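There are 4 protein chains.
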Amino acid sequence: MNVSSRSPFRIVLLATGGTIEKSYDATAGALTLDRPVIETLLAHLDQPDVRIEVRRVMSIDSLAMGEAERAEVVAAARDCLAADDADAIVITHGTDTLARTAEALAEALDGPGCPIVLTGAMRPYRVADSDAAQNVAQAVMAARLVVPGVYAAFHGRVIPAGRIVKDYERLTLVEAET
Amino acid sequence: MNVSSRSPFRIVLLATGGTIEKSYDATAGALTLDRPVIETLLAHLDQPDVRIEVRRVMSIDSLAMGEAERAEVVAAARDCLAADDADAIVITHGTDTLARTAEALAEALDGPGCPIVLTGAMRPYRVADSDAAQNVAQAVMAARLVVPGVYAAFHGRVIPAGRIVKDYERLTLVEAET
Amino acid sequence: MNVSSRSPFRIVLLATGGTIEKSYDATAGALTLDRPVIETLLAHLDQPDVRIEVRRVMSIDSLAMGEAERAEVVAAARDCLAADDADAIVITHGTDTLARTAEALAEALDGPGCPIVLTGAMRPYRVADSDAAQNVAQAVMAARLVVPGVYAAFHGRVIPAGRIVKDYERLTLVEAET
Amino acid sequence: MNVSSRSPFRIVLLATGGTIEKSYDATAGALTLDRPVIETLLAHLDQPDVRIEVRRVMSIDSLAMGEAERAEVVAAARDCLAADDADAIVITHGTDTLARTAEALAEALDGPGCPIVLTGAMRPYRVADSDAAQNVAQAVMAARLVVPGVYAAFHGRVIPAGRIVKDYERLTLVEAET
């Protein structure tokens with residue numbers, strides 16, 4: 001796999017909401033998901049030969065993601081694979097149920113034709129010291145290097161679907177102990 | 179290769195200077211390499227199970243890097259491989275001669291025991307809209323995923339030593355056309 | 357009044373909480389007042405001959421500020437005036453009840469011996485596009501230039517106590533129409 | 535003087551270049567004055583009832599400002615006063631010769647009809663830890679509060695023309711000792 005040719009590497013980014021996208025609403029005096037921020041985050045990444053098309057699936061807190069919403073995410077990924085117009089799929093997702101969505105994707109699309117990499121953030125892109133830009137940048141790099149399959153890329157780590165665990169103490173995603 | 183176990187992934191980062199490390203000196207009224215910034219950059223990355231030890235090799239503009247300096251970088255990498263205390267080596271380097279240093283490393287250390295990933299930036303970490311943090315974050319991700327060898331990781335791309343070319347028009351690193 | 361001598365201009369800053377100090381708590385997944393941020397904000401202002409001593413009075417949302425809390429703020433200001441160790445007093449405060457606290461101060465301390473300037477922010481210092489640093493910088497400048505009395509300094513404007521009104525539509529503080 | 539009415543406070547900002555406006559040119563690998571940045575800086579200030587019209591006079595390092603250029607700045611200020619379309623004039627200027635330009639303005643326009651406030655920065659707006667936004671925010675506040683005359687507003691201090699001295703050791707502007 002040539003990871004560096006000048007022909008653009010095509011990523012479809014499925015945005016679902018989650019902490020990564022929360023921004024401050026001064027009228028509400030709180031963080032909301034009213035304004036999408038993924039586009040802004042991507043505009044600050046510098047990768048001239050990576051083409052990222054953002055597809056908005058939903059804008060919800062991942063704690064609010066039930067089976068119906070999860071099915072929508074799976075459907076969006078399936079459509080993307082069917083259209084065969086992406087070299088990889090990146091999904092931005094809240095961290096609380098990211099592991100479950102990854103499993104649902106792995107079960108539904110067994111043997112996907114390209115890497116599907118889920119990521120998110122412990123701190124919103126629009127707050128100080130956010131890990132959002134790092135995680136998306138690393139998810140892009142991982143999407144370009146791993147073999148087809150479903151993974152989480154988070155805090156400098158890649159974890160295969162089925163083994164993703166949220167570490168609530170250290171506020172990160174880790175691989176399940178064996 | 180288990181890329182996600184909780185046992186820390188150990189990186190030795192060899193810092194050599196380059197644009198990525200330039201910071202503004204208000205007395206000189208110019209960008210200088212007087213103050214190292216890699217430590218600050220790394221402190222803003224969120225990757226609890228990646229241990230990065232910074233080793234300062236030099237602090238020079240890569241246009242000032244001659245064969246003697248290049249030999250020092252190779253020696254530092256060789257020492258690190260000999261000590262076998264790193265899972266990967268990341269080297270921060272100016273972009274003008276990064277390709278040549280990568281080649282020197284590949285020739286001198288043929289078949290290194292771990293990935294050696296060079297990176298840098300087109301805009302200093304300490305100036306607006308810098309690509310430094312993205313490149314280092316992606317270099318870390320790449321260092322964790324590629325097979326042993328010498329590479330550049332830059333702007334969402336991984337390029338093997340021997341094929342790295344600086345694109346002065348688009349201000350990025352690309353892979354040589356074949 | 358010599359506003360520029362090299363002898364430091366001494367400000368006592370009474371911190372009370374409010375939106376300006378809210379920071380993101382990744383465990384709670386929300387903005388809280390758990391960590392003071394005024395010290396960090398001040399550390400990023402560059403004013404070598406202004407000495408600002410921060411005194412923590414409380415850390416509450418100004419909607420939670422009742423008469424008891426308001427009396428504490430007045431008492432803290434009175435102590436400061438009695439000690440006569442400040443050239444001006446700056447108070448950081450939530451915007452919802454800032455006007456009321458300004459009135460309470462003006463009534464209780466009629467004819468204070470130095471300027472008392474209240475300020476705050478519509479967006480926390482620790483979120484993107486915050487107006488916090490601007491407001492504090494302008495409050496410091498105003499504190500140095502106005503005659504003794506009680507004022508709000510906010511969004512490039514100075515408003516005397518008794519005439520401060522929060523404009524909930526435009527999210528700013530304005531002077532009452534006459 | 536009503537400093538807080540809702541009728542906008544009208545400022546004409548005369549931009550002349552200087553450190554405050556330097557931005558990184560990745561092709562040159564250096565800080566240049568090729569791109570104006572004052573407009574961007576102002577866009578990040580939150581002051582709904584302050585109208586700032588930027589007029590570009592020149593884009594030079596203040597060390598390059600000779601008597602001819604200085605005369606242009608004076609002429610631009612005179613035109614503005616003649617048109618009487620501003621409540622105050624703010625001038626962004628390099629710090630090395632800011633004092634001289636302030637004197638030239640005071641001499642040429644003796645008894646100007648409104649405050650003329652010069653400011654600048656020790657660190658460009660587009661580099662880390664810049665003092666640019668603070669200085670402009672404080673210059674706006676000062677412009678709104680001082681009596682007509684020519685001043686520097688810098689690092690939380692206001693200094694009348696004729697007494698402005700650059701402190702090269704502490705990297706700030708101070709008032710001349712008497």
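Chains as they are written, first to last, in our numbering: chain L, 1 to 178; chain G, 179 to 356; chain P, 357 to 534; chain Y, 535 to 712. Beta carbons are placed, not taken as given, at the ideal position from N, Cα and C, and that holds for glycine. Quick caveat, the model's predicted, so the values are computed rather than measured.
For the beta strand (DSSP E) that residue i lies in, which residues bound it at each end?
i, result
"Ile554/Y", "No beta strand (DSSP E) contains Ile554/Y, which DSSP labels as neither H nor E."
"Gly209/G", "The question names Gly, but residue 209/G is Leu in the sequence shown. Per DSSP, Leu209/G belongs to the beta strand (DSSP E) from 208 to 210."
"Leu419/P", "Premise fails: Leu419/P is in no beta strand (DSSP E) and is neither H nor E."
Spell out whether any CB of chain Y is found under 8 angstroms from the CB atom of residue i.
i, result
"His511/P", "yes"
"Ala572/P", "Residue coverage of chain P in this structure runs from 357 to 534, which leaves residue 572/P outside it and unanswerable."
Are any of the Cβ atoms in chain L nearer than 8 angstroms to that of residue i?
i, result
"Thr218/G", "no"
"Thr270/G", "no"
"Arg366/P", "no"
For residue i, would you say it is in contact with chain G, using Cβ-to-Cβ distances shorter than 8 angstroms as the test?
i, result
"Asp131/L", "yes"
"Arg509/Y", "With chain Y represented from 535 up to 712, any question about residue 509/Y goes unanswered, as that position is not in the structure."
"Ala662/Y", "yes"
"Leu13/L", "no"
"Leu45/L", "yes"
Looking at the secondary structure, which residues open and close the alpha helix (DSSP H) in which residue i lies?
i, result
"Asp613/Y", "601 to 617"
"Ala284/G", "276 to 286"
"Ala133/L", "132 to 145"
"Thr629/Y", "Thr629/Y -> no alpha helix (DSSP H), and no H or E assigned at all."
"Thr561/Y", "Where Thr561/Y is concerned, there is no enclosing alpha helix (DSSP H), given that its DSSP letter is neither H nor E."
"Thr574/Y", "572 to 577"
Is there a C-beta anywhere in chain P that falls below 8 angstroms from the one on residue i?
i, result
"Ala104/L", "no"
"Val537/Y", "Reliability of the predicted coordinates at Val537/Y is poor, the pLDDT of 47 falling under 50, and no value is obtained from them."
Measuring from the CB of residue i, is there a heavy atom of the ligand PLP at a distance below 7 angstroms?
i, result
"Ile11/L", "What this structure holds is no ligand at all, so the ligand PLP is not there to describe."
What are the residues that DSSP puts in a beta bridge with residue i?
i, result
"Asp227/G", "BP columns for Asp227/G are empty, so no partner."
"Ala152/L", "Leu118/L, Ile159/L"
"Arg369/P", "The residue you asked about is not Arg; residue 369/P is Leu in the sequence shown. BP columns for Leu369/P point to Val410/P, Val446/P."
"Leu527/P", "For Leu527/P, which the question treats as bridged, DSSP gives no partner whatsoever."
Problem - chain Y contacts made by the segment 403 to 435 of chain P, where a contact means CB separation under 8 angstroms - result: Gln403, Pro404, Asp405, Val406
Handout entry: Contact residues within the segment 549 to 573 of chain Y, judged by C-beta distance below 8 angstroms to chain A
Key = Reference to chain A is not applicable here, since the protein chains of this structure are L, G, P and Y.
Exercise for the section: Pair every Cβ in the segment 268 to 275 of chain G with every Cβ in the segment 195 to 205 of chain G, then say whether three or more of these pairs are closer than 8 angstroms. Expected result: yes
Problem - Residues of the segment 336 to 349 of chain G with Cβ closer than 7 angstroms to any Cβ of chain Y, in chain order - result: Leu349
Exercise for the section: Flag this pair as touching only if the segment 149 to 159 of chain L and the segment 315 to 329 of chain G have three or more C-beta atom pairs under 8 angstroms; answer yes or no. Expected result: Here the segment 149 to 159 of chain L makes contact with the segment 315 to 329 of chain G; the two share three or more CB pairs at distances below 8 angstroms.
Exercise for the section: Compile a chain-ordered list of the residues in the segment 674 to 686 of chain Y whose CB is closer than 8 angstroms to at least one CB of chain P. Expected result: Val674, Met675, Ala676, Arg678, Leu679, Val680
Practice task
Evaluate contact between the segment 224 to 232 of chain G and the segment 295 to 304 of chain G, counting only Cβ atoms and requiring at least three cross-stretch pairs below 8 angstroms.
Solution key: Verdict: no, contact absent.
Handout entry: contact_flag[the segment 250 to 261 of chain G, the segment 284 to 294 of chain G] where n(CB pairs < 8 angstroms) is 3 or more
Key = yes
Problem - the segment 561 to 574 of chain Y in contact with the segment 210 to 225 of chain G per 3-pair CB rule at 8 angstroms - result: Judged by Cβ distances under 8 angstroms, the segment 561 to 574 of chain Y makes no contact with the segment 210 to 225 of chain G, as fewer than three pairs qualify.
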